[in-house]
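Structure first, commentary second.
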Amino acid sequence: MKNVKFLLALLICFFGCSAVSAQTLTVTGKVLDNDGLEAIGATVRIKGNPKVGTITDLDGKYSIQAKPKDILVFSYIGMATQEVPVKGKKVIDVQLKQDNKVLDEVVVVGYGTTRRGDLTGSVVSVRSDDLMKTPTSNVASALAGRVAGVQVTQAEGGPGAGISIRVRGGMSITQSNEPLYIIDGFPSEDGISDLDPGEIASIDILKDASATAIYGARGANGVVVVTTKGGEKKDTKMSVSFDAYVGVSKIASKLPVLSSEEYALLDYERNVYLYGDEGITRFQNTYGSFHEIHQNYANRGIDWQDETLGRTTTSQNYRVNISGGGRELNYNLNYAYYKELGAMVYSGTDRHNISLSFSQRGDKRLSVNGRVTFSQTNVSGMGTSDGNTRFNKMESILQYPPIAGIYSTEDELIAGENPLYEDDASNTMQNPLIEAAQSRDDRTTRVFQANGGLTFRFNKRWFLRSTLGTRYQNLRRDVFYGELTSTAKRSSINGYVQYSESGSFQASNVLNYEYKSKTNRLTLMFGQEWVSRWSQWIRSRATNFPNNDIGLGDMNLGTPGSITSEENYDDKLLSFFSRANWNFKERFLVTATIRADGSSKFARNHKWGFFPSISGAWRLSEEEFIKKLDVFSDLKLRAGYGLAGNNRIGSYSSLDLLESATYPSGETVSPGYARSGIPSTELQWESNKTLNVGIDMGFWGQRLTITPEFYLNKSSHLLLNSKVPTSSGYSTMIRNIGKTRNIGFDLGISSVNIESKGFTWTTDFNLSFNKNRIEALSGESYFLEEAAFGYSQNTHKIEVGKPIGQFYGFKTLGLYQVDDFDYDAATQTYTLKDGIPGRSDSEVQPGSWKFADINNDGIVDDNDRTVIGNANPDFYGGITNNFTYKGFDLSVFFTFSYGAEVLNATKLSNTKTGNTNKNVLDIANSSNRWMTVNADGETVTDPAELSALNAGKSVAYIGDQEQGDYLIHSWAVEDASYLRLSNLTLGYTFPAAWTRKMNVRKARVYFTGSNLFVWTPYTGFDPEVSTKGNNLTPGVDFGAYPRNRSFVFGLNLTF
């Protein structure tokens, strides 16, 4: 009996233990993120039992007790939550995918953050991953085509070329239209070109006044909020990453110029036209017989674009990042070095960036953070479009004769064996290689910035955030023209040294209140800010240096300028602001802001400005009747209205100022001071009122998101020069009298097209329409403006009821034909027939430019100038397709613009066929220009022969160059629409199982091609150009530096 009992007890124990074992088992595994890296700190829990859970360790590993029928729930920041049934398995490895549901994504707004789902204004974000798909040294250029309503324009392609950002078209007529930049909470008006793209975590762009009014007098042009990378805010080991790429570049296109044979033929025609029979002798002394041109100049000669811009250049970029963190401290240290050779010989740029950021949490109440950065950028070499005259480098490159040095070695070309050339106006032109070698323009910019903050939480609802920051920037520029440059030949060896520095200081205190209940969520913010800015610059110029040996090393060797230029500025801004956000049942959202700014820039009675905004949203996707459709994952109607200002004006425009001047004193001239102008005693802010209406639509778990937005911006109190009585001693003074209007539509679409095992395809598309109109000027219906490039004529018309950016000139009807004239055979002269308008500037001949007689008075003169084009596009945008397959990733990025026109002043200036000793663009070759010399070298005057010789010709004859070619006319206005393959990147991420064996967490290699193809009807180097582009004179291409086509190979390593 005892044996039976013992056996029963043993059986009960055995089966009982088995039952317990069947109920609970230990599950282990590893969690990886979307990139195949260890998901450190990921949460693993049992579905339906929130009390049972764990987090992954430093290697992404976990261990949890679970039952066979349990379901494990894996979650990680930025990744989609994943559920996996246990089914008795003891090892479960998971790789999470990126979360398409962005409603809970944190967005940086003015002086705080919010959930994307709670936004009521127009805010768009660009993440680090998107920026890094375009290897570039300039953050601003990486934004081009990626954001609806944001237009990024690079003036030209040279090293250090300026880049402008316009948010919804800009509002000011004469002042800056650049947005305000906020870098980790610190305001900057100096742009973001000094930042290393690799240290940026995100960029949030605030587009409408309901979002920007919190920045008051500085928010009218939009706000670009930059957040840099910091350490991870969770327990993690130190992470070290190394990024590097090397690349090669070459200019994407050249402008075709005449060959040696065509050039010789043109010079023959010039000599015959200018000097008759004597011209033939002059030609033969230089070139030989006319009939031997083809034989003597069969060699195409030298295309000076190849010599000066044709080299294959290299670029390199290296970046090391060290980051880490824990529950109390996290940090991020970043160093980057970038170097690029310019396409132009003797040019290039390099930059060093170093930054350190940290955050420290002392306890539950107190936390501090800080960031220190330093950058140094060096740019060397002259550009091609410098100066406001026709003596720019591109002119020399295109016009220098192709036969000069045709049989010289490269060393001889550089050594100056080629002669100086002069045209009929005695304008000296030098070998472009020597011009580049002896023209020095070196710029060094250093930027230091430090800012930090302290957050103290009083209790669950109240916390205070205080920040301090400072920024210092200096620039040294050395410009020197050596003895062989055309500049020195026209005057003397000369140069100047310019030194400028600027700084700013910012302090703010922001008190926040948070309240949450089952149905309401309320946040309040009350803030105060103080900003102080200063700048100064000085320039010292000298002429008549004895030689090139020491140059600017000793300015005393030259003759100093009569007056050393110097200027100093400073301004202050004191602000108070507040914001309230109310969320009712996650359905109704309201945001209201108010800001008061007091600025030292404005007149005594207008120091303070007040900038309110109100916006609201209805999240229809939270309504039951929408939920039943089972289509929308997000559906939100938004509307907002607000007022923002623009204080980007001179610091002392409201004050009575003196400037340096000279006074005659007997036979001498004495230095002194004079009143600089009439002060604007009523000067105030330029203001911008914005109405924005948008709808956020998300379908099927945010696999498809569509965001259309309509906006109306009305700007007033714009600064313009207003006429004053001549009795005042001045012609104009600045006043707040202008008005403009921008109306437009933005569209953003993102889609997950395919998401299957191992393969994904996503698309991002944006499209922008903007129509600008001037509503009021200074008591007149229009005024004219000149984009200075050597033609003393107005190029733009600024007119009430029309957009800014209208080109102004004569409407070209082609060329005068033989049939437009009566011919006198005895005198071999042509006289215009009755009823055919002539030109007041010259006696026209067959082959002269023919312009429209707009007012029908029988003569073409200045009264017939009219609007001949518009620099503004009808629409623009970009589209990106991203593909991933296992470890491979492919990104294809296109940008486009339609409807914009460009005044091709390069073409206008470089088809002046009458300038002796100068080459011209190939568009003026013998097949396309009107000629008066036939194939036998004989002058043609007979109407029938002249008409047959020039059938279909489209460029004016030589004799018209001193008149028509110096006029602005529509032949030079071209369609600049384009479709550009901006970027194509192919990458491969090695399997984590391979890299872990080498103690590497992630390894990726990639190949990128940039500016690969441009489809455009524009005949210049590139349709995206604005070399003389201030607000009033955009869209002019004069001597623009061509853009490169580049290929880059890169490596990303994370340890």
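Numbering (mature numbering (1 follows the signal peptide of the UniProt record, and there is no 0)), first residue to last: -22 to -1, 1 to 1033.
Note that CB positions come from ideal geometry on N, CA and C, so glycine has one too.
As the structure is a prediction and not an experimental result, all values here were calculated from the model.
(1) So for V796, helix, strand or coil by DSSP?
(2) Going by other Cβ atoms of all chains shown within 10 Å of its Cβ, with 16 needed for buried, is Q132 buried or exposed?
(3) Between the stretch 803 to 817 and the stretch 752 to 768, do at least 3 Cβ pairs fall closer than 8 Å?
(4) Between G505 and S482, how many whole angstroms is the CB-CB distance? I'm expecting something under 8 Å.
(5) So for S333, helix, strand or coil by DSSP?
(6) Rank I375, S293, S237 and V933 by C-alpha distance to the C-alpha of N277 and give the top, closest one.
(7) Rank H269, F434 and R329 by C-alpha distance to the C-alpha of Q338 and give the top, closest one.
(8) Classify T1032 as helix, strand or coil using the three-state DSSP reduction.
(9) Can you tell me which residues form a DSSP beta bridge with H947?
(10) Where does E544 land, buried or exposed, given buried means 16+ other C-beta within 10 angstroms?
(11) Taking C-beta to C-beta, are L598 and F580 nearer than 9 Å?
(12) Assess contact between the stretch 371 to 381 and the stretch 884 to 903, defined as three or more Cβ pairs (one per stretch) separated by less than 8 Å. Is contact present?
(13) Could you spell out the range, first to last residue, of the alpha helix (DSSP H) harbouring F603?
(14) Going by other Cβ atoms of all chains shown within 10 Å of its Cβ, with 16 needed for buried, is E507 buried or exposed?
(15) In angstroms, rounded to a whole number, what distance separates the CA positions of N310 and R329?
(16) Among residues of its own chain, excluding the 5 on either side of L661, which ones have a beta-carbon nearer than 6 Å to its beta-carbon?
(17) Quick one: give me the first and last residue of the beta strand (DSSP E) that A44 is part of.
(18) Using the three-state DSSP reduction, which class does Y114 fall into: helix, strand or coil?
(19) Under a Cβ-count criterion, where at least 16 other Cβ atoms within 10 Å of its own Cβ denotes burial, should A44 be classed as buried or exposed?
(20) Could you give the DSSP three-state label for M216: helix, strand or coil?
(21) Is the beta carbon of A189 sitting closer than 9 Å to the one on S591?
(22) Measuring straight from C-alpha to C-alpha, what distance separates L502 and A558?
(23) Grab the span of the beta strand (DSSP E) containing V568 for me, first residue to last.
(24) Restricting to runs no shorter than 3 residues, where is the beta strand (DSSP E) found entirely within the stretch 875 to 903?
(25) For M675, report the span of its alpha helix (DSSP H) as first-last.
(26) Does H695 pass the burial test, meaning 16 or more other C-beta atoms within 10 Å, or should it be called exposed?
(27) DSSP state of A754, grouped into three classes?
(28) Are R421 and N331 touching if we call contact CB-CB under 9 Å?
(29) Helix, strand or coil for Y193 per DSSP?
(30) Using DSSP with H/G/I as helix, E/B as strand and the rest coil, what is V609?
(31) Take the Cβ of L233 as the centre, count every other Cβ of all protein chains shown within 10 Å, and call the residue buried at 16 or more, exposed below.
(32) Can you tell me the Cβ-Cβ gap for T986 and V1026, rounded? I've got them flagged as a contact below 8 Å.
(33) Which stretch, first to last residue, makes up the beta strand (DSSP E) that contains L535?
(34) Give me the Cβ distance between Y1019 and E134, rounded to the nearest whole Å; I'm assuming they're in contact under 8 Å.
(35) Do you know offhand how far S705's Cα is from G716's?
(36) Apart from the five residues just before and just after L636, which ones in its own chain have a Cβ nearer than 8 Å to its Cβ?
By the coordinates alone:
(1) helix
(2) Q132 comes out buried.
(3) no
(4) Contact between G505 and S482 fails: their C-beta atoms lie close to 18 Å from each other, not under 8 Å.
(5) strand
(6) Taking only the C-alpha atoms, the option nearest N277 is S237.
(7) Nearest to Q338 by alpha-carbon distance, out of H269, F434 and R329, is F434.
(8) strand
(9) F788
(10) exposed
(11) no
(12) yes
(13) Following the DSSP letters along the chain, one finds F603 inside the alpha helix (DSSP H) bounded by residues E602 to K605.
(14) buried
(15) 20 Å
(16) Closer than 6 Å at the Cβ level, and outside the excluded window around L661, lie F580, A581, S631 and S632.
(17) K39 to A44
(18) The displayed chain sequence assigns Thr, not Tyr, to residue 114. T114: coil per DSSP, three-state reduction.
(19) buried
(20) strand
(21) yes
(22) 5 Å
(23) F566 to S577
(24) 879 to 882
(25) Premise fails: M675 lies in the beta strand (DSSP E), E664 to F677, not in any alpha helix (DSSP H).
(26) Buried is the call here.
(27) strand
(28) Not closer than 9 Å, so no.
(29) helix
(30) coil
(31) buried
(32) 4 Å
(33) Run containing L535: none; DSSP gives neither H nor E here.
(34) 4 Å
(35) So the alpha carbons of these two residues sit roughly 24 Å apart.
(36) Y651, A652, R653 and S654
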